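When you read off a place in the sequence shown, starting at 1, and then add 26, the result is the number in the working numbering.
Here's the structure we're looking at; comments come further down.
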Amino acid sequence: MKIKNIYFLLFIIGVVVPYYEFISFIFENGFDFKLLFDQLIATRISRFFAYDIIISAVVLLVFILNEKTGVKNYWVPILATFTIGISAGLPLFLYQRELKK
């Protein structure tokens, strides 16, 4: 399997898995974003993961903006990072970068 196909597969997984949990939360609790945020920062370990992902997303954005040369629609992985998460934004950017080769 070519690396670009692996990146695309990881992008799909990076969309489906997190959104499964998010949609399950919405079905159980409605659009209660206060509860979502409260649960996100409820424990030290959940804060650890939240901070780790936020910092990783910032690093990814810096990486994309630095490496965007020649990548068409480099803004799409940025949008994916903000709307889905780094689990979608990173493999999508790597996939796009492989397409330009």
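Backbone N, C-alpha and C fix where the C-beta goes; we use that ideal spot for every residue, glycine too.
Quick caveat, the model's predicted, so the values are computed rather than measured.
Between PRO117 and PHE37, the gap from beta carbon to beta carbon is short of 9 Å.
In this structure, the alpha-carbon of VAL102 lies about 18 Å from that of TYR45. Within the same chain, Cβ atoms closer than 6 Å to the Cβ of ALA106 are found at ALA114, GLY115 and LEU118, the five residues on either side in sequence being excluded. Following the DSSP letters along the chain, one finds GLY40 inside the alpha helix (DSSP H) bounded by residues 29 to 55. Boundaries of the alpha helix (DSSP H) harbouring ILE79: 70 to 93, taken from the DSSP string. In the DSSP assignment, TYR121 falls within the alpha helix (DSSP H) that extends over 112 to 125.
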